[in-house]
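Heads up, the sequence shown is in the numbering used here, so the first residue is 538 and it goes up one at a time.
Cβ atoms here follow ideal geometry from the backbone N, Cα and C, with glycine treated the same way.
Since we're looking at a predicted model, the values are computed, not measured.
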Amino acid sequence: MSSNVALEEDQQALALLKADADQILQLIKVQMDNLTMPQCPLYEEVLDTQMYGLSREVDFAVRLKLINESTGKSILENLERELSALHEAYQKHKAST
538 MSSNVALEED
548 QQALALLKAD
558 ADQILQLIKV
568 QMDNLTMPQC
578 PLYEEVLDTQ
588 MYGLSREVDF
598 AVRLKLINES
608 TGKSILENLE
618 RELSALHEAY
628 QKHKAST
């Protein structure tokens with residue numbers, strides 16, 4: 538396999554993982570916009586399931602050497618930070634109403 542093809546596959550894998558992380562964030566935003574509270578078991582189940590699925594995708598990409606482990610951890614950590622910030626914003630909004 539040529540290095541250009543390998544690099545293209547690596548970039549494509551990274552783009553797909555980031556897109557999946559963005560989809561999870563959007564899903565949670567939609568739930569919060571529709572007044573599904575973060576303490577709701579359904580909210581927690583969806584979030585846990587989605588995060589677990591993404592972590593398995595990241596592990597798979599790392600094992601295939603499409604991304605390095607630190608990049609995979611960064612994707613998951615960034616998503617967790619964004620979700621935490623979204624949750625905090627929701628809590629502040631809820632407290633002010």
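Query                                                                          : Result
Of the listed residues L551, Q549, L553, L562, nearest to A622 (C-alpha basis) : L562
Beta carbon proximity, D596 to chain B, threshold 7 Å                          : Any reference to chain B falls outside this structure, which holds one protein chain only.
For N541, the first and last residue of its enclosing alpha helix (DSSP H)     : 540-570
8 Å contact criterion, which T608 and L553 should meet: CB distance rounded    : Actually they do not touch by this definition, with Cβ atoms about 13 Å apart.
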